[in-house]
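Before any comments, here is the structure.
There are 4 protein chains.
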Amino acid sequence: MSEILKYQVRVFYEDTDFSGYVYHANYLKYCERARSDYLRVIGVDQNAMFAEGQAFVVRKMECEFLRPAKFEDVLDVETRLIEMSGARFELAQMVRRGADEIFSAKVTVAIIGPSGRPQRIPSDLAQKFSR
Amino acid sequence: MSEILKYQVRVFYEDTDFSGYVYHANYLKYCERARSDYLRVIGVDQNAMFAEGQAFVVRKMECEFLRPAKFEDVLDVETRLIEMSGARFELAQMVRRGADEIFSAKVTVAIIGPSGRPQRIPSDLAQKFSR
Amino acid sequence: MSEILKYQVRVFYEDTDFSGYVYHANYLKYCERARSDYLRVIGVDQNAMFAEGQAFVVRKMECEFLRPAKFEDVLDVETRLIEMSGARFELAQMVRRGADEIFSAKVTVAIIGPSGRPQRIPSDLAQKFSR
Amino acid sequence: MSEILKYQVRVFYEDTDFSGYVYHANYLKYCERARSDYLRVIGVDQNAMFAEGQAFVVRKMECEFLRPAKFEDVLDVETRLIEMSGARFELAQMVRRGADEIFSAKVTVAIIGPSGRPQRIPSDLAQKFSR
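Residue numbers (my numbering), protein chains in the order written: chain A, 4 to 134; chain B, 4 to 134; chain C, 4 to 134; chain D, 4 to 134.
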């Protein structure tokens with residue numbers, strides 16, 4: 004479960020603000036793209052889940068903004084599953100520019116069912132994450 | 004039909020980019036907020052429409068970026084219905100900072116039904132726009 | 004220092020995603036708007052600070068996503084200064100829809116100077132926050 | 004000058020709205036990413052230009068929203084230079100999903116100098132576009 008998946012993003016105009024650097028909330032977008040990519044890689048079809056009334060929802064994020072990134076930077080978003088238990092996933096995500104640490108987050112994700120209530124992680128899904 | 008509705012926005016960090024000014028695509032967000040406000044003011048409930056499978060969709064926008072706006076600017080978005088015919092609305096929108104013209108757009112909006120196809124403007128809706 | 008400042012936002016199309024609810028990263032935008040409003044209310048001119056090479060930067064955010072918000076919801080963002088010490092501010096922010104708690108965050112903000120390095124909170128600024 | 008450059012994007016949560024489809028203003032972001040990519044490919048360094056007080060600014064966009072795109076769609080953004088004259092570039096951009104046309108835009112871009120005023124296209128820049 005400690006495998007790290009990398010996802011690359013480039014910083015565009017839309018990501019920056021007038022300070023000259025990436026707007027802080029946009030690191031959460033980068034991390035969400037990386038998590039969606041992670042799911043695709045392990046074979047989870049979010050559209051199919053959604054059609055059955057299931058969805059992943061973020062419950063908690065502990066974010067640290069470590070260094071600024073700027074226009075045209077190429078960033079790596081690393082995603083690592085830390086724990087999977089009951090109805091929750093714990094992920095560690097890190098945005099790097101080469102060796103520099105830019106942003107880190109500890110993310111808690113739950114699965115909700117058709118009722119909108121959290122539900123236990125289905126076993127076929129758990130297997131995809133465990134591989 | 005030539006009444007002008009005004010909606011005010013303030014420029015926040017999120018709206019700007021590293022050039023120091025408002026990111027061009029964000030004027031479309033301001034215009035969409037002003038159109039949603041316009042609908043609310045004339046008594047159109049978009050959530051209720053959506054629950055019945057109806058939605059407004061933007062078909063065309065002719066945009067002119069006239070002057071830059073910057074952080075903390077207070078902008079007025081003016082919305083005016085130009086024409087309503089068959090299945091389409093034509094709107095003129097202008098973003099101003101005091102007397103300065105910042106952004107203008109001519110917007111064509113259609114209504115789509117449950118099938119995803121455009122449909123004629125329902126008469127009760129047309130009446131709300133005509134008042 | 005325990006006074007709570009309220010800032011109101013309305014949920015527009017741009018804020019939601021295909022799940023039907025507000026996209027998680029957008030609560031950080033709401034909180035940033037509320038902090039910018041807070042600064043304006045206590046008399047801090049961020050454009051003037053920026054012209055002197057100073058800026059507020061977010062260092063940490065501990066975020067909890069408590070309930071979903073949806074299109075057309077009217078939300079209150081409450082901001083409260085918890086602590087101000089050396090070069091850091093600690094703020095508590097809560098997004099509510101009426102009595103419902105939607106999103107909460109503990110935010111650590113620093114001031115950086117022309118070198119890009121953190122600097123002690125200037126005394127005139129500290130006074131504005133203390134009033 | 005009629006060469007077409009392709010840039011690929013994937014639709015993430017952040018790009019969609021509660022209608023279930025891509026939020027209309029986000030096609031302008033996709034087009035801007037594709038233009039930035041285009042500039043990089045022909046050897047234009049926007050950071051270096053910006054350091055000398057020069058920047059590209061969008062003056063006009065004529066946008067047509069042809070078909071909706073949805074979560075996880077993979078889209079191609081095609082960019083083609085139509086004309087370059089005096090201080091202006093005319094570009095045609097098309098967002099496709101396979102054979103389907105999703106969004107098209109005719110974009111007018113100018114170069115502004117340190118004064119914030121439009122300036123003639125520098126000859127070295129014109130050469131990069133002409134190759």
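Ideal placement from N, C-alpha and C gives every residue a C-beta, glycine not left out.
Using beta carbons (cut-off 9 Å, strictly below), is residue i in contact with chain D?
i, result
"R62 (chain B)", "yes"
"A54 (chain C)", "no"
"G116 (chain B)", "no"
"A58 (chain B)", "yes"
"S39 (chain A)", "yes"
Output the distance between the C-alpha atoms of residue i and residue j, rounded to the nearest integer angstrom.
i, j, result
"R13 (chain B)", "R100 (chain B)", "10 Å"
"N50 (chain D)", "E65 (chain A)", "32 Å"
"N2 (chain D)", "Y30 (chain B)", "The structure shown does not extend to residue 2 (chain D), since chain D spans only 4 to 134, so no value can be given for it."
"I114 (chain C)", "F132 (chain D)", "42 Å"
"K73 (chain A)", "F53 (chain D)", "13 Å"
"Y33 (chain C)", "Q130 (chain D)", "45 Å"
"E6 (chain C)", "L42 (chain B)", "36 Å"
"Y16 (chain A)", "Q57 (chain D)", "15 Å"
"I124 (chain A)", "R83 (chain A)", "18 Å"
"S22 (chain C)", "D48 (chain D)", "38 Å"
"E55 (chain D)", "P117 (chain D)", "7 Å"
"Q11 (chain D)", "V98 (chain D)", "9 Å"
"E75 (chain A)", "G89 (chain B)", "46 Å"
"K63 (chain B)", "L8 (chain B)", "21 Å"
"D79 (chain C)", "D40 (chain B)", "18 Å"
"R120 (chain D)", "R120 (chain C)", "33 Å"
"H27 (chain B)", "A108 (chain D)", "14 Å"
"R134 (chain C)", "L94 (chain D)", "54 Å"
"G46 (chain C)", "G46 (chain B)", "38 Å"
"Q122 (chain C)", "Q122 (chain A)", "46 Å"
Could one say the Cβ of residue i lies closer than 9 Å to chain C's Cβ atoms, at least one of them?
i, result
"Q49 (chain B)", "yes"
"S126 (chain B)", "no"
"R134 (chain B)", "no"
Can you confirm whether residue i, when its beta carbon is compared against all beta carbons of chain B, has any partner nearer than 9 Å?
i, result
"R43 (chain C)", "yes"
"G119 (chain D)", "yes"
"R13 (chain C)", "yes"
Mark residue i as exposed unless 16 or more other C-beta atoms lie within 10 angstroms of its C-beta, in which case mark it buried.
i, result
"D103 (chain D)", "exposed"
"V77 (chain C)", "exposed"
"E127 (chain D)", "A small fix is needed here, since residue 127 (chain D) is Asp in this sequence, not Glu. It counts as exposed."
"R36 (chain D)", "buried"
"R38 (chain B)", "buried"
"V44 (chain B)", "exposed"
Check whether chain A comes within 9 Å of residue i, counting only Cβ atoms and requiring the distance to be less than that.
i, result
"A95 (chain C)", "no"
"A102 (chain C)", "no"
Please look up how many angstroms separate the CB atoms of residue i and residue j, rounded, as I've assumed it's under 8 Å.
i, j, result
"F59 (chain D)", "F106 (chain D)", "At roughly 20 Å, the Cβ-Cβ gap does not stay under 8 Å, so F59 (chain D) and F106 (chain D) are not in contact."
"V112 (chain B)", "F92 (chain B)", "5 Å"
"Q96 (chain A)", "E81 (chain A)", "7 Å"
"P71 (chain B)", "V25 (chain B)", "7 Å"
"T19 (chain A)", "D18 (chain B)", "12 Å between Cβ atoms; not a contact."
Let me check you understand the geometry: is the CB of residue i closer than 8 Å to at least one non-hydrogen atom of the ligand MG?
i, result
"F106 (chain A)", "No copy of the ligand MG occurs in the structure displayed, which carries no ligand at all."
With 7 Å as the C-beta to C-beta threshold (strictly closer), list the residues of the stretch 66-89 of chain C near chain B in chain order. Those residues of the stretch 66-89 of chain C placed with their C-beta closer than 7 Å to a C-beta in chain B are F74 and E75, ordered along the chain.
Relative to chain D, which residues along the stretch 15-36 of chain B have a C-beta separation below 8 Å, given in chain order? Those would be F21, S22, H27, A28, N29, L31, K32 and E35, in chain order.
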